[in-house]
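Colleague: In the numbering used here, the protein residues as written are 104 to 798.
1) Considering only the alpha carbon of each residue, which of 238, 278, 288 lies closest to residue 304?
2) Here's the rule I'm using: 16 or more other beta-carbon atoms within 10 Å means buried, otherwise exposed. How should residue 172 be labelled?
3) On the DSSP bridge list, what partners appear for residue 417?
4) By the three-class DSSP mapping on this structure, what secondary structure does residue 274 have?
5) Please classify residue 125: does DSSP put it in a helix, a strand, or coil?
6) So residue 644 and residue 671 are in contact, right, with Cβ under 8 Å, and what is the actual spacing, rounded?
7) Between the Cα of residue 220 and the Cα atoms of 236, 569, 665, 394, which residue gives the shortest distance?
8) Using the Cβ count rule (16 or more neighbours within 10 Å means buried), how would you classify residue 650?
9) Once DSSP output is grouped into helix, strand and coil, what is the label at residue 543?
10) By DSSP, does residue 181 sit in helix, in strand, or in coil?
11) Provide the residue span of the beta strand (DSSP E) that contains residue 708, from first to last.
12) Identify whether residue 358 lies in helix, strand or coil by the three-state DSSP scheme.
13) Which same chain residues, not among the five before or five after residue 567, have their C-beta less than 6 Å away from its C-beta?
14) So residue 287 is in the beta strand (DSSP E); what residue range does that whole segment cover?
15) So residue 515 and residue 538 are in contact, right, with Cβ under 8 Å, and what is the actual spacing, rounded?
16) Going by beta carbon distance, what residues of the same chain come within less than 7 Å of residue 540, once the five residues before and after it are set aside?
17) Quick check: residue 508 and residue 492, are their CB atoms within less than 8 Å of each other?
18) Our contact map puts residue 380 next to residue 363 with C-beta atoms below 8 Å; I'd like the distance itself, whole angstroms only.
19) Given a threshold of 16 other Cβ atoms within 10 Å of its Cβ, counted over all protein chains shown, does residue 618 qualify as buried or as exposed?
20) Identify whether residue 472 lies in helix, strand or coil by the three-state DSSP scheme.
21) Leaving out five residues on either side along the sequence, give the residues of the same chain with a beta carbon under 7 Å from the beta carbon of residue 592.
22) What does the alpha-carbon distance come out to for the pair residue 150 and residue 140?
23) Quick one: which unbroken beta strand (DSSP E) runs of 3-plus residues sit fully inside the stretch 193 to 263? Chain order, please.
24) State the start and end residues of the unbroken alpha helix (DSSP H) segment that holds residue 753.
25) Got a sec? Which residues, its chain only, sit under 7 Å from residue 754 by beta carbon, not counting five neighbours each side?
26) If I measure Cβ to Cβ from residue 53 and keep anything under 8 Å in the same chain, skipping five residues before and after, which residues do I get?
27) Considering only DSSP beta bridges, list what residue 604 is partnered with.
28) Below 6 Å CB to CB, which residues in the same chain sit around residue 523 once its five sequence neighbours on both sides are set aside?
29) What residue range is occupied by the uninterrupted beta strand (DSSP E) comprising residue 449?
30) What does the Cβ neighbour count give for residue 287, buried or exposed, with the cut at 16 atoms within 10 Å?
31) I'd like to check one pair, residue 707 with residue 694: are the Cβ atoms closer than 8 Å?
32) I'd like to check one pair, residue 630 with residue 666: are the Cβ atoms closer than 8 Å?
33) Is residue 453 closer than 8 Å to residue 439 when the C-beta atoms are compared?
34) DSSP three-state label for residue 732, please.
35) Can you tell me whether residue 758 is buried or exposed? The criterion is at least 16 other CB atoms within 10 Å of its CB, across all chains shown.
36) Taking DSSP's pairing of strands, which residues face residue 673 in a bridge?
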């Protein structure tokens, strides 16, 4: 029976697809960075399945043209183990070999009992041995290096894994474990470019540096104290392809009295002068200078010690910015500075300026990968327009629009935290507004003058600051010894006199969180966090008083354990009160109560001592005055510093989201329970002591 042409085509397509899919499953493809990829983007591949020999697996990787790139027997790690040498989840066992793309060996290393044991050999591309190391139990014993034609170049013996006697492959000389000299040679020659001569006790003492030209003549001789040149000139070379070799002189800088002082010359690879200038007291003074900072190269024109003219910035051979300074001030063009990005660390940002103000796109830049990590647009020095943040693969992490310097719509990433904005307003989640507390604060600040700024309140072995916002809110932080105090609230300023008021919960001795735990049947659980409280509270669960300790003991005999768990048989909890005890030798005498406003259906609670409540009460009653804009505290005037928009936003985050006592803790599983303070002189005569549960 004849088969239709279309049926044959369908059969062939199906077979081709299945063959392709099976090939994908039987081969792992890698890109040039050894990340997994698809065949069209691959530089390397690993065929599957791999050969097995008992508990060993033979790994073989290939260049995309089929040339062997790597081979090694490896053993699988246990799930709890890690190894420094081996593929992911494996460790080397036996001989490991890497190959050049031409098929010759590149490196050969031997492992036994998870440690490097035996020879380690590095080869030139022509197949000749370049370097031999002898290893025992991961410790280097000796090394030899060779020229491309097989002649012995250097030899070095080791002791306890450290250089002891001889010359390293980079031409560093050792005697009895001390470094006593080093040499550099012009590439592809036997001509000395540099040598350092040190006494037998080592190069940390006074020593001599000698630099040579390509004809063997002495260019410069320096007297040094250890690594520091006292008088002479620093000569920097273009590095060669191998350590110990240089291509030529890159720069010469005069040194007097240990600092750069005098002529500076930068050469190109052909030996021609590229830039020249004069240093003064280690700083560029007059001329054009090349400097390196954070792996970027800056070429800058100076006059009279000030940047004045063009500055270009290079990432290796790529120019990434060029701008013009006038009398030390950035004016027009693009410039690179370090600036905080999405987290607390700083990265380069390429600024585009017009008449000294940011204009157009401003790009956050990753130097190592040469990629844009994010950007924002600006108009006349203010953020205005599109904003975006990317990961290393170019995927968008956050995107928003700015207007007049502030986020307007979208999501921004600041201090590793996402912030959402709509129509210029911050959209906050999990914010619980205590209307009573808010009304109390507003009433306190009514009729107050306003001030905005920050003041340093620190001193000897103490870090502290207070920030005022023009919304009658303040934020205070103090760190001294083991105490970290943070509080905030409302202020009232009139006729130079300042009064403060903090939320009531910050002055309460305890904070409580609760949740419903379905695994607890007819049981209430209390986790108590002591934090060095002088005594534990007593609790009233429904109408039953309980203690968390033996109150008949003297206080100094009681446990200072920081975290204890208690349980009590109770079907449903309807009320919770915390009794604060007065010092008494006769029973339990209260001086105040904290009563839970509601306990919902909670049966699991965290009760924690508020370690800073006493200090917060004292701070609230402190006396402050203003002399103009200067804050006067303890007779000392503190000068105001201006607040950035980021400063104000961070303070508002803390205040509005109540970060001193967050609304939820432990991944949101526990919710804060509001407590109301009440005076009480009640004597507790009948109570039950709860026993700690076994951990």
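Every residue gets a Cβ at the ideal spot worked out from N, C-alpha and C, and that includes glycine.
Being a predicted model, the structure only gives us computed values, none of them experimental.
Modeller: Inspection of the coordinates gives the following:
1) 278
2) buried
3) 400, 422
4) coil
5) Summary for residue 125: the model assigns pLDDT 42, below 50, so the residue's position carries little reliability; its value from the coordinates is reported in the next sentence. Here residue 125 sits in helix by DSSP.
6) 7 Å
7) 236
8) buried
9) helix
10) coil
11) 707 to 712
12) strand
13) 560, 561, 581
14) 281 to 289
15) At roughly 29 Å, the Cβ-Cβ gap does not stay under 8 Å, so residue 515 and residue 538 are not in contact.
16) 606, 607
17) no
18) 10 Å between Cβ atoms; not a contact.
19) buried
20) coil
21) 544, 577, 603, 604, 605, 606
22) 14 Å
23) 193 to 202, 208 to 215, 221 to 226, 232 to 239, 242 to 249, 255 to 262
24) 748 to 759
25) 570, 572, 578
26) Nothing can be reported for residue 53, as the shown portion of the chain is limited to 104 through 798.
27) 593
28) 514, 530
29) 449 to 457
30) buried
31) no
32) yes
33) yes
34) coil
35) buried
36) Answer is none; residue 673 lacks a bridge partner.
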